[in-house]
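**Student:**
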Amino acid sequence: MEQIVLIASFLVPFVLSAVIIYNARGNRPKMILGFSMLNAAAVFVANYFYFIRDFQVYTYMHSVHVALVLFIYPSIYLYLANLTGKLKVTGKILLHLTPGMLFFLLYMFLFDLRFTYAERADFLNTYREELFAKESFRLVEWIRLINVAAIALQVVLYSTAIFVESRRYNLRIKNEFSNAEHLQIKWLSWFNMSLIIVAVVSVLFYVVNPFSEENNILLIISMFVMSVFIWLIGIWGNAQRAIEFSPDETPPSDTGKNEDALYNKLLSVLLNEKLYLKPDLTLTELARASGTNRTYASQAINKAYHSNFSTFVNNYRVKAAGKILKENPELKLEAVAGQSGFGSLLSLQRNFSRHTGTSPGKIKSMYSNQKKRQQK
7 MEQIVLIASF
17 LVPFVLSAVI
27 IYNARGNRPK
37 MILGFSMLNA
47 AAVFVANYFY
57 FIRDFQVYTY
67 MHSVHVALVL
77 FIYPSIYLYL
87 ANLTGKLKVT
97 GKILLHLTPG
107 MLFFLLYMFL
117 FDLRFTYAER
127 ADFLNTYREE
137 LFAKESFRLV
147 EWIRLINVAA
157 IALQVVLYST
167 AIFVESRRYN
177 LRIKNEFSNA
187 EHLQIKWLSW
197 FNMSLIIVAV
207 VSVLFYVVNP
217 FSEENNILLI
227 ISMFVMSVFI
237 WLIGIWGNAQ
247 RAIEFSPDET
257 PPSDTGKNED
267 ALYNKLLSVL
277 LNEKLYLKPD
287 LTLTELARAS
297 GTNRTYASQA
307 INKAYHSNFS
317 TFVNNYRVKA
327 AGKILKENPE
337 LKLEAVAGQS
347 GFGSLLSLQR
357 NFSRHTGTSP
367 GKIKSMYSNQ
377 KKRQQK
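In terms of the numbering used here, the sequence shown has 227 at position 221, counting the first letter as 1, and numbering is strictly consecutive.
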């Protein structure tokens, strides 16, 4: 059973990496995500040989394993940073990989080249039993403790960065796209929190538990759960669209000074031309139709409406949906969603409940019952 769990831990991310890299086709965020899955698969391959205690193989993988573990969180962050457009310079990517490369070199020179195969196997077989038990291994054990501290520090720093960046991206999406639900990455924040818990538990098990059958089962389970979270990040990340934001333009006139007047102009164009009925309406499109640019339009909406562009537009879509339901309660909700400008039934349901406090289904039933009573 343990071997099945260990094999699944690396087999699934390996398959995911192949699928994602094949489907990427020039999509840089997905290429990074694919290599992130491949890195995770390599980590769990090394875990497999470590936990079955095949040190004849693992002793040659140890230094690389240490580096690959330190690449897990940076690779997930680099995927997100490229997806959101925050990081596109190749040179900066190397900075995130530096800790892994540094510890790889330390282990290679102070472990692989310093000790014989028999000594390395002895260290790997005994270091969890008693800390600093052998004089000859003390330097390597200190490096190991620093390595564990570096992993813990990465969990804190990159988890924070992932949370902040995903929140910033979601807000940016809401300020540009009217139907923003399917473009957001809210799932990443929840999985990030879960991954923190699993990572901390795994690190604690790894640090304090000596070799024993019971302890290894607990550690294998925690590692497997971590692997499952990585699978899900790969699956959802593969389905995530990379968004290209239009560059801002200089407006034809100085329309940014009077934000109240600009807001009224934006509202007039939105309602008179019924742009809110376009499911793919963007702030850039509304700004151009109003003779301004996206920055001025966003500032005017945020100041006058006290909310983002998506909420601003969906308010009028909800009103349109309510009117359609009143006049044609026999229509299916999917048709109502399409006619009122929502990109999907789910978007209609979420926004209708948010703006009115009730569901479109209840409003449909109410108007349908009213119509039946009037026909009697």
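We put the CB at the ideal spot given by N, CA and C, even for glycine.
Let's see if you can read the secondary structure: which residues bound the alpha helix (DSSP H) around V265?
**Tutor:** According to the sequence shown, residue 265 is Glu rather than Val. It spans 265-278 - the alpha helix (DSSP H) in which E265 sits, taken as one unbroken run.
**Student:** Do you know offhand how far G363's Cα is from L268's?
**Tutor:** Taking the straight line joining both Cα atoms gives about 30 Å.
**Student:** Do S69 and Y123 have their C-beta atoms closer together than 7 Å?
**Tutor:** No, Cβ-Cβ distance for S69 and Y123 is not below 7 Å.
**Student:** Taking 7 Å as the cut-off, decide whether the C-beta atoms of Y83 and Y164 are in contact.
**Tutor:** In this structure, Y164 lies closer than 7 Å to Y83 by Cβ.
**Student:** In whole angstroms, give me the CA-to-CA distance for L44 and I38.
**Tutor:** Rounded to whole angstroms, L44 to I38 spans 10 Å at the Cα level.
**Student:** Leaving out the 5 sequence neighbours to the left and right, which residues in its chain are closer than 7 Å to K377 when beta-carbon positions are compared?
**Tutor:** P335.
**Student:** Give me the residue from F20, G297, N320 with the minimum Cα distance to K284.
**Tutor:** Of the candidates F20, G297, N320, the one whose C-alpha sits nearest the C-alpha of K284 is N320.
**Student:** Could you check if K309 is buried or exposed, using at least 16 other CB atoms within 10 Å of its CB as the buried criterion?
**Tutor:** Result: exposed.
**Student:** In this structure, does DSSP put T288 in helix, strand or coil?
**Tutor:** Note: T288 maps to strand in three-state DSSP.
**Student:** Check whether the stretch 344-358 touches the stretch 324-333, taking contact to mean three or more Cβ pairs, one atom from each stretch, closer than 8 Å.
**Tutor:** Output reads yes: the stretch 324-333 touches the stretch 344-358.
**Student:** By a C-beta neighbour count over all protein chains shown, 10 Å radius and 16 as the cutoff for buried, is T298 buried or exposed?
**Tutor:** So T298 counts as buried.
**Student:** Among the residues of its own chain, which have a CB less than 7 Å from the CB of L272, if the five just before and after it don't count?
**Tutor:** Hits under 7 Å: L292, S296, A303, A306, I307.
**Student:** Taking DSSP's pairing of strands, which residues face F183 in a bridge?
**Tutor:** According to DSSP, which records beta bridges pairwise, F183 is partnered with T288.
**Student:** Give me the Cα-Cα distance between E136 and L17, rounded to the nearest whole angstrom.
**Tutor:** Each residue's Cα considered, the two are about 33 Å apart.
**Student:** From which residue to which residue does the alpha helix (DSSP H) around Y28 run?
**Tutor:** 8-30 is the extent of the alpha helix (DSSP H) around Y28.
**Student:** Counting pairs of beta carbons, one from the stretch 45-56 and one from the stretch 18-27, are three or more of them closer than 8 Å?
**Tutor:** Yes: the two stretches touch, three or more of their Cβ pairs being nearer than 8 Å.
**Student:** Could you tell me which whole alpha helix (DSSP H) segments of length 4 or greater appear in the stretch 43-119?
**Tutor:** Listed in chain order, the complete alpha helix (DSSP H) runs (minimum 4 residues) inside the stretch 43-119 are 61-64, 68-89, 96-113.
**Student:** Ends of the alpha helix (DSSP H) at E340?
**Tutor:** That run of the alpha helix (DSSP H) goes 339-345.
**Student:** With a threshold of 8 Å, are at least 3 pairs of Cβ atoms found where one atom belongs to the stretch 141-155 and the other to the stretch 167-186?
**Tutor:** The stretch 141-155 vs the stretch 167-186: no contact.
**Student:** Is the beta carbon of T104 sitting closer than 7 Å to the one on E171?
**Tutor:** No; because the gap between Cβ atoms is not below 7 Å, this pair is not in contact.
**Student:** Looking at chain C, is there any beta carbon in it that lies within less than 7 Å of the beta carbon of T288?
**Tutor:** Among the chains of the structure shown, chain C does not appear; only one protein chain is present.
**Student:** By DSSP, does I191 sit in helix, in strand, or in coil?
**Tutor:** Coil at I191, not helix or strand.
**Student:** Indicate the three-state DSSP secondary structure (helix, strand or coil) for Y133 in the structure shown.
**Tutor:** Y133 falls in the coil class under three-state DSSP.
**Student:** Once you ignore the five residues that flank F41 on each side, which residues in its own chain have a CB closer than 8 Å to its CB?
**Tutor:** Counting only Cβ-Cβ distances below 8 Å, and skipping sequence neighbours, we find S23, I27, S81.
**Student:** Out of L100, V161, L111, R173, which has the shortest C-alpha to C-alpha gap to A73?
**Tutor:** A73 has its Cα closest to that of L111, out of L100, V161, L111, R173.
**Student:** Given this structure, state the Cα-to-Cα distance separating M67 from I202, to the nearest angstrom.
**Tutor:** Distance between the alpha carbons of M67 and I202: 26 Å.
**Student:** Just the C-alpha distance for N198 and I227, rounded to the nearest angstrom, thanks.
**Tutor:** Going by the C-alpha atoms only, they are around 19 Å apart.
**Student:** Should R379 be labelled buried (16 or more other beta-carbon atoms within 10 Å of its own) or exposed?
**Tutor:** Its Cβ having fewer than 16 others within 10 Å, R379 is exposed.
**Student:** Hey, out of Y175, S371, A205, whose CA is closest to K338's CA?
**Tutor:** Considering only alpha carbons, the answer is S371.
**Student:** Would DSSP call E336 helix, strand or coil?
**Tutor:** Reduced to three states, the DSSP call for E336 is coil.
**Student:** Looking at the structure shown, is T122 part of a helix, part of a strand, or coil, going by DSSP?
**Tutor:** DSSP places T122 in coil when its eight states are reduced to three.
**Student:** What residue does the alpha helix (DSSP H) around H312 start on, and which one ends it?
**Tutor:** That residue, H312, is in no alpha helix (DSSP H); it is neither H nor E in DSSP.
**Student:** Is P366 closer than 7 Å to L352 when the C-beta atoms are compared?
**Tutor:** No.
**Student:** Measure how close the beta-carbons of Y282 and Y322 come, nearest whole angstrom, since I'm counting them as under 8 Å.
**Tutor:** Yes, they are in contact, since the Cβ atoms of Y282 and Y322 sit about 4 Å apart, within 8 Å.
**Student:** Please go through the same chain and pick out, in chain order, the residues whose beta-carbon is closer than 8 Å to the beta-carbon of L331, but skip the five residues on each side of it.
**Tutor:** Only L337, V342, P366, I369, K370, Y373 meet the Cβ criterion.
**Student:** Please classify F138: does DSSP put it in a helix, a strand, or coil?
**Tutor:** F138: coil per DSSP, three-state reduction.
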